[in-house]
Amino acid sequence: MIAAIGNDKQSDPSTSSSVPLSQQCRHFELYDILLATENFDESLVIGKGGFGKVYKGTIFNGSTTDVAAFKRLDPDSSQGAPQFRAEVEILSKLRHCNLVSLFGYCNQEKEMILVYEYMPNGTLEGHLHQHVFYIDDQALNLASWAQENIIQGNLNHIIDSELRAEISPKSMKEFVRIAKTCLHSDPKDRPTMAEVSCSLEYVLKLQEEYNNSVQPSGRTIYGTLVNMLPLRTTEFRQDMVSGQKTYMLGARELSITWHDDTRYWNWGHVPESRFAEVAILKEVYCLDIRGKISTAILSPRSIYVAYLVFQMAPDSTGLSVPAKTVVTFGGKKNEISDVYLQQEWTLTRVSHTKRNDGWMEIKLSEFYHHDGDEGEVEIMFQENNTSNMKTGLIVEGIEIRPI
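Numbering (UniProt numbering), first residue to last: 1 to 403.
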């Protein structure tokens with residue numbers, strides 16, 4: 001194989017691209033690379049991808065020779081001059097026994113070529129992905145779990161609560177944007193390493209500007225995220241093994257008769273609630289609570305059960321009479337009578353059970369979500385005994401979870 005001799009002089013600006021030379025790695029003349037790769041002989045190709053092809057060749061380093069990998073960027077690839085420049089600048093600074101070294105680069109005559117140390121045992125990606133025999137169940141749906149939390153605005157779920165520092169809103173917004181693009185389902189739409197590095201440098205710059213403009217407050221990143229989020233009225237969870245999704249409609253997302261009339265309902269915060277506000281019943285004769293959820297966000301081929309999640313004040317009254325529940329989905333209506341908020345369970349009635357989070361729940365109904373089902377699921381809890389005054393009910397929301 002023909003040897004290529006490294007040259008420290010700069011390329012002719014008239015034939016070079018606009019990418020400036022890095023001072024920490026070598027510049028190779030195109031002529032020398034053509035010799036090393038035998039004019040980019042196809043028999044020397046050792047890898048290819050959306051960026052272009054990688055060729056095997058030999059370079060001369062003083063008194064020694066090194067086998068190298070020449071990554072030749074395709075002019076039509078999405079990785080253009082800015083990304084090439086970033087890759088040169090970043091990789092030329094990295095020196096680690098577990099990282100592939102960048103020997104140098106070439107940017108002559110519209111060519112953009114990176115010269116790497118050759119790894120005879122293959123790439124890390126090859127060892128990780130060529131033969132996959134087992135994927136941890138908890139890791140299988142990790143990316144989709146993160147995506148759903150970003151969509152739902154639950155950033156605090158995916159950030160370690162022990163991280164200590166104060167983060168600027170602009171930095172976090174940009175960081176989330178980067179994370180979303182990295183999680184794109186189509187690999188072609190994901191950013192390159194150079195793009196991610198450039199974006200993270202920009203995030204760091206925003207954070208440094210923020211640090212210089214404010215006094216430290218002692219807040220955590222977790223706490224800042226919570227403060228950044230809009231008032232949360234829904235909650236999303238995904239089982240890490242099955243991938244099935246559970247949704248909780250907070251009280252603010254429900255349609256509660258007279259909920260805005262302070263004669264009948266108050267809105268307040270309960271420390272053990274996951275939401276900022278819950279609905280607190282003062283007094284009504286007609287109790288009517290309804291919720292809707294789009295089937296598009298539910299897991300297909302799953303049986304779902306809707307539950308009213310609530311508590312009762314110590315002085316609550318009128319909640320031991322039978323109510324009815326109705327779930328409407330796909331033109332079908334499933335109605336249950338003899339639903340009791342404050343009665344012991346029997347074979348003929350539906351009553352509440354205690355949850356692990358300290359709240360109580362009562363089953364409203366269940367439905368099967370077929371693959372391809374469209375529309376909304378409508379859920380109703382109703383008790384209209386006008387001779388019975390009801391007080392002291394605290395509504396956190398309606399949870400829709402698979403069984």
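Glycine is no exception: its CB is placed at the ideal position from the N, C-alpha and C atoms.
task: Quick one: grab the DSSP three-state call for Trp265.
output: In the displayed model, Trp265 falls within a strand according to three-state DSSP.
query: In its own chain, which residues sit with a C-beta less than 8 Å from the C-beta of Asn388, not counting the 5 before and 5 after it?
result: Contacts found: Tyr285, Gly318 and Val321.
task: Determine the contact status of Ile59 and Phe103, defining contact as a CB-CB distance below 8 Å.
output: The Cβ-Cβ distance between Ile59 and Phe103 falls below 8 Å.
message: If I measure Cβ to Cβ from Arg290 and keep anything under 6 Å in the same chain, skipping five residues before and after, which residues do I get?
response: Excluding sequence neighbours, Arg290 sits near Ser255 and Met380.
message: Does Ser294 pass the burial test, meaning 16 or more other C-beta atoms within 10 Å, or should it be called exposed?
response: If you draw a 10 Å sphere on the C-beta of Ser294, you find fewer than 16 other C-beta atoms in it, and that means exposed.
field: Asp8 classed as buried or exposed, judged by whether at least 16 other C-beta atoms fall within 10 angstroms
entry: Model confidence at Asp8 stands at a pLDDT of 41, short of 50, so the residue's coordinates are unreliable and nothing is read from them.
- request: Buried or exposed for His184, please, with buried defined as at least 16 other CB atoms from any protein chain shown within 10 angstroms of its CB.
  value: Under a 10 Å Cβ-count criterion, His184 is classified as exposed, with fewer than 16 other Cβ atoms of the shown protein chains found around its own Cβ.
Candidates Ile280, Lys188, Leu91 and Ser101: closest to Cys198 by CA position: Check the Cα spacing between Cys198 and each of Ile280, Lys188, Leu91 and Ser101: the tightest is with Leu91.
field: Candidates Ile400, Met193 and Met360, of which the one nearest Arg85 by Cα
entry: Residue Met193 is the option with its Cα nearest to Arg85.
query: Taking the alpha-carbon positions, what's the Val203 to Val88 distance?
result: Distance from the CA of Val203 to the CA of Val88, rounded to the nearest whole angstrom, comes to 20 Å.
message: Checking the sheet assignment: what are the DSSP bridge partners for Arg190?
response: DSSP lists no partner for Arg190.
task: Identify whether Cys106 lies in helix, strand or coil by the three-state DSSP scheme.
output: In the three-state reduction of the DSSP assignment, Cys106 falls in the strand class.
query: What do you reckon, is the C-beta of Val305 under 7 Å from a heavy atom of the ligand FAD?
result: Among the components of this structure there are no ligands whatsoever, and the ligand FAD is therefore not found.
query: How long is the line joining the alpha carbons of Gly250 and Glu235, rounded to whole angstroms?
result: When rounded, the distance between both Cα atoms is 8 Å.
task: Would you kindly report the start and end of the unbroken alpha helix (DSSP H) that includes Glu374?
output: Glu374: not part of any alpha helix (DSSP H); DSSP gives it neither H nor E.
- request: Specify, as a first and last residue, the run of the alpha helix (DSSP H) that Tyr31 falls within.
  value: Segment Leu30 to Ala36, the alpha helix (DSSP H) holding Tyr31.
query: Which residues in the same chain as Thr391 place their Cβ atom closer than 7 Å to its Cβ, once the five residues preceding and following it in sequence are excluded?
result: The beta carbon of Thr391 is closer than 7 Å to those of Leu281, Lys282, Glu283, Ser316, Thr317 and Gly318 in its chain, skipping five residues each way along the sequence.
- prompt: By how many angstroms is the C-alpha of Met312 removed from the C-alpha of Gly397?
  reply: If you draw a straight line from the Cα of Gly397 to the Cα of Met312, it is about 14 Å long.
- request: Could you give the DSSP three-state label for Gln342: helix, strand or coil?
  value: Coil, per DSSP.
query: What's the gap between the Cα of Leu94 and the Cα of Asp66?
result: Approximately 19 Å between the Cα atoms of the pair.
task: Classify Tyr116 as helix, strand or coil using the three-state DSSP reduction.
output: Strand.
- prompt: How big is the Cα-Cα spacing for Glu174 and Ser101?
  reply: Using only the alpha carbons, I get a separation of about 30 Å.
- request: Give the single residue among Val326, Asp288, Tyr368 and Thr325 whose Cα lies nearest to the Cα of Leu393.
  value: Out of Val326, Asp288, Tyr368 and Thr325, Asp288 has the C-alpha closest to the C-alpha of Leu393.
message: I need the DSSP call for Val321, collapsed to helix, strand or coil.
response: It is coil, neither helix nor strand.
- request: Measure the C-alpha to C-alpha separation of Glu195 and Gln83 and round it to an integer number of angstroms.
  value: Glu195 and Gln83: Cα-Cα distance of roughly 6 Å.
- prompt: Exposed or buried, what is Thr386 when buried is set at 16 or more other beta-carbons lying within 10 Å of its beta-carbon?
  reply: By the neighbour-count rule (16 or more Cβ atoms within 10 Å), Thr386 is not buried but exposed.
query: Is it buried or exposed for Lys332, if we count other Cβ within 10 angstroms and need 16 for buried?
result: Burial check for Lys332: the Cβ neighbour count within 10 Å stays below 16, so the residue is exposed.
- prompt: In terms of residue numbering, what span does the alpha helix (DSSP H) encompassing residue 410 cover?
  reply: Outside the shown range of the chain (1 to 403) lies residue 410, about which nothing can therefore be said.
- request: Could you have a look at Ala313 and say whether DSSP puts it in helix, strand or coil?
  value: In the structure shown, the three-state DSSP call for Ala313 is strand.
- prompt: With burial defined as no fewer than 16 other Cβ atoms inside 10 Å of the residue's Cβ, what is the status of Arg263: buried or exposed?
  reply: Counting Cβ neighbours within 10 Å, Arg263 comes out exposed, since fewer than 16 surround it.
task: Using 10 angstroms around the beta-carbon of His369, count the other beta-carbons present and answer buried if the total reaches 16, otherwise exposed.
output: Around the beta carbon of His369, 16 or more other beta carbons sit within 10 angstroms, so the residue counts as buried.
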